[in-house]
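Taking it in order: structure first as C-alpha cells, then the write-up.
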Amino acid sequence: SQTIHQWPATLVQPVGSPLSLECTVEGTSNPNLYWYRQAAGRGLQLLFYSVGIGQISSEVPQNLSASRPQDRQFILSSKKLLLSDSGFYLCAWSGSGEGYTFGSGTRLTVV
Amino acid sequence: RKEVEQDPGPFNVPEGATVAFNCTYSNSASQSFFWYRQDCRKEPKLLMSVYSSGNEDGRFTAQLNRASQYISLLIRDSKLSDSATYLCVVSGGGYSTLTFGKGTMLLVSP
C-alpha cells in the first residue's frame, strides 16, 4: 500500500533562517506531488505541484521554492524565512484524477 | 467570486441529529469533487468522492448539482466522533490540481 512520510512534525525557526522540509512517498511510481500551506484559521493554499522529476509548478510567488530530485521525493525550501511563512505545511500525493492523500504535516513557527 | 465557498459554521448539533453542509464552486469545467474531513491540528483525510449520480457511504451522502455548481454532504445520526471540519474540494478544469474550500466546522454534543 502507498504511504507518505513528512518530517519534521514541528519546527520553530528564527526569521531569516533557511528551511528544508522533506516528503517521500512509498508504494507508488510517478505520483503527482503537492505542497500546501494552511495558515491559522485559513484554508489550504497550494504552493507547488510536480508531475515528474525536476518538474515544478509554482502557484504562489513567494520566498519558497520546491524541488523533486527523485521520483518519490519532494522538498520545500526557503533561503530566508519570514514571519508570514508560519503555518501548517502539508505534502500530498495523487494518482491521475484521484483525490489527494496528505502527509501528517509540519507545523512551522517562525519567531 | 471565491473558487470554492462554504459556510464556516460552526454547526452545533446534538448526537443523533441529521446535518447538511453545502458548497458552491465557480469553475464550471471542474470534473472531480470530494469531501475531506480535517480534525483539529491534523492533516485532511478523504471522506468521500462526489459523483454526478450522488453517492452514499454509511451515514454519509454526497450530492452534486452541476447546473447550479453546488455540492452537498448529509450526515445522518451524528456521532460525537463526527466533530471536525469538513472541506469541500473541487478540481480545476479537467483533472488538474484540487482547490479546497475553507471548511465547515461541525460540533456534535452529547
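Going down the list, the protein sequences come from chains A and B.
Count along the first sequence from 1, then add 10; that gives the number in my numbering.
Count along the second sequence from 1, then add 6; that gives the number in my numbering.
Glycine included, every Cβ here is placed at the ideal spot set by N, Cα and C.
This one's a predicted model, so the numbers in the text were calculated from it and none came from an experiment.
Buried or exposed by the 16-neighbour rule on C-beta atoms within 10 Å, applied to residue i
i: ALA26(B); result: exposed
i: ASN40(A); result: exposed
i: GLU49(B); result: buried
i: LYS85(B); result: exposed
i: ALA35(B); result: exposed
i: VAL114(B); result: buried
i: ARG43(B); result: buried
i: GLY100(B); result: Low confidence applies to GLY100(B): its pLDDT is 45, below 50, so where it sits in the model is not reliable, and the reading given next is rough at best. Under this definition GLY100(B) is an exposed residue.
i: ASN71(B); result: exposed
Distance CB(residue i)-CB(residue j) smaller than 9 Å
i: GLN69(B); j: ILE77(B); result: yes
i: GLY105(A); j: HIS15(A); result: no
i: ASN73(A); j: LEU100(A); result: no
i: LEU56(A); j: THR116(A); result: no
i: PHE39(B); j: TYR31(B); result: yes
i: PRO14(B); j: LYS108(B); result: yes
i: ASN33(B); j: GLU11(B); result: no
i: LEU118(A); j: SER96(A); result: yes
Extent of the continuous beta strand (DSSP E) to which residue i belongs
i: GLY97(A); result: 97-104
i: THR110(B); result: 110-115
i: ALA76(A); result: 74-80
i: LYS90(A); result: Neither: LYS90(A) is in no beta strand (DSSP E) and is coded neither H nor E.
i: SER78(B); result: 76-81
i: LEU31(A); result: 29-36
i: LEU52(B); result: 50-55
i: PRO20(B); result: 17-20
Chain A contact for residue i (CB, 9 Å cutoff)
i: LYS108(B); result: yes
i: PRO16(B); result: no
i: PRO50(B); result: yes
i: VAL95(B); result: yes
i: TYR57(B); result: no
Any C-beta of chain B under 9 Å from that of residue i
i: GLU36(A); result: no
i: SER114(A); result: yes
i: ARG52(A); result: yes
**Prompt:** Between the region 87-101 of chain A and the region 20-39 of chain A, do at least 3 Cβ pairs fall closer than 8 Å?
**Reply:** yes
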